Amino acid sequence: MPFVRIDTLRAGPERLEALGRAVHDALVETIGIPPDDRFQVLVDHDGASSTLRYDDYLGVHRDDGIAYVAITLRSGRTPARKQALYRRIAELAHAYAGTEPRNVFVVLTENGPADWSLGEGRAQYLGPQEP
């Protein structure tokens with residue numbers, strides 16, 4: 000059950016939607032989430048009232064085509080699976096949205112079953128709970 004937030008700078012609705020599809024498809028392909036398990040917040044900043052900041056950290060030259068992808072998910076994936084996820088997101092972001100792989104910045108945040116409420120004020124991953 001990943002929760003995804005994607006932030007872009009003047010990407011437009013079509014590119015932003017394509018990035019959302021790229022991340023979702025990569026999650027399905029590489030870590031096996033169910034196809035109907037999509038929870039995303041897609042935000043396009045206009046550069047005036049809101050913007051994104053970046054530098055060339057670790058020698059990766061980024062530009063205004065940057066896409067920040069923040070994924071929160073339950074812990075348990077191996078480093079190899081995470082690396083496969085990063086690669087696939089970059090590949091699909093390029094194929095679907097024309098985003099250069101150097102501009103795909105991904106961060107994963109892991110947590111446990113008690114850290115999720117999927118509605119109704121319950122922690123569904125903890126199993127049956129009293130009303």
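Here numbering that gives the first Met the number 0 is used: position 42 in the sequence shown is 41, and no number is missing along the way. Yeah, the Cβ is synthetic: ideal placement off N, Cα and C, and Gly gets one too. Remember, predicted model here, so these are calculated numbers, not experimental data.
Exercise for the section: Return the CA-CA distance between PRO112 and GLN128, expressed in angstroms with no decimal places. Expected result: Residue 112 sits at position 113 when you count from the first residue of the sequence shown. Residue 128 sits at position 129 when you count from the first residue of the sequence shown. Rounded to the nearest whole angstrom, the C-alpha separation of PRO112 and GLN128 is 13 Å.
Exercise for the section: Use the C-beta contact count for ALA25: other C-beta atoms within 10 angstroms, 16 or more gives buried, fewer gives exposed. Expected result: Residue 25 sits at position 26 when you count from the first residue of the sequence shown. Result: buried.
Exercise for the section: Enumerate in chain order the residues of its own chain whose CB-to-CB distance from HIS93 is below 7 Å, with the five nearest sequence positions on each side excluded. Expected result: The sequence position of residue 93 within the sequence shown is 94, counting from 1. Correct list, in chain order: GLU99 and PRO100.
Practice task
Answer with buried or exposed for VAL68, where buried requires no fewer than 16 other C-beta atoms within 10 angstroms of its C-beta.
Solution key: Numbered from 1 along the sequence shown, position 69 holds the residue referred to as residue 68. Answer is buried; the Cβ neighbour count reaches 16.
Handout entry: For ALA66, the nearest candidate out of ASP43, LYS81, PRO33 and ALA79 (CA to CA)
Key = By 1-based counting over the sequence shown, the position of residue 66 is 67. Nearest C-alpha to ALA66: ASP43.
Practice task
Identify whether HIS44 lies in helix, strand or coil by the three-state DSSP scheme.
Solution key: Counted from its first residue, the sequence shown places residue 44 at position 45. Secondary structure of HIS44 (DSSP, three-state): strand.
Practice task
Could you spell out where the alpha helix (DSSP H) holding ILE88 opens and where it closes?
Solution key: Indexing the sequence shown from 1 puts residue 88 at position 89. If you look at ILE88, you'll find it in the alpha helix (DSSP H) that goes 78-96.
Handout entry: VAL103 versus ALA89: straight-line alpha-carbon distance, rounded
Key = Taking the sequence shown and counting its residues from 1, the one referred to as residue 103 is at position 104. Taking the sequence shown and counting its residues from 1, the one referred to as residue 89 is at position 90. Distance from the CA of VAL103 to the CA of ALA89, rounded to the nearest whole angstrom, comes to 6 Å.
Exercise for the section: Have a look at GLY126 and ASP114 and give me their C-alpha separation to the nearest angstrom. Expected result: By 1-based counting over the sequence shown, the position of residue 126 is 127. By 1-based counting over the sequence shown, the position of residue 114 is 115. Straight-line Cα distance between these residues: approximately 13 Å.
Problem - Spatial neighbours of LEU8 in its chain, beta-carbon cut-off 7 Å, leaving aside the 5 residues before and after - result: To locate residue 8, count along the sequence shown from 1; it is residue 9. Leaving aside the five residues that flank LEU8 on each side, the residues in its chain whose CB is nearer than 7 Å to its CB run, in chain order, HIS44, GLY46, THR50, LEU51, ASP63 and ILE65.
Practice task
List the residues that DSSP assigns as beta-bridge partners of PHE38.
Solution key: Sequence index remark: in the sequence shown, residue 38 carries index 39 (1-based). In the DSSP secondary-structure assignment, PHE38 is not bridged to any residue.
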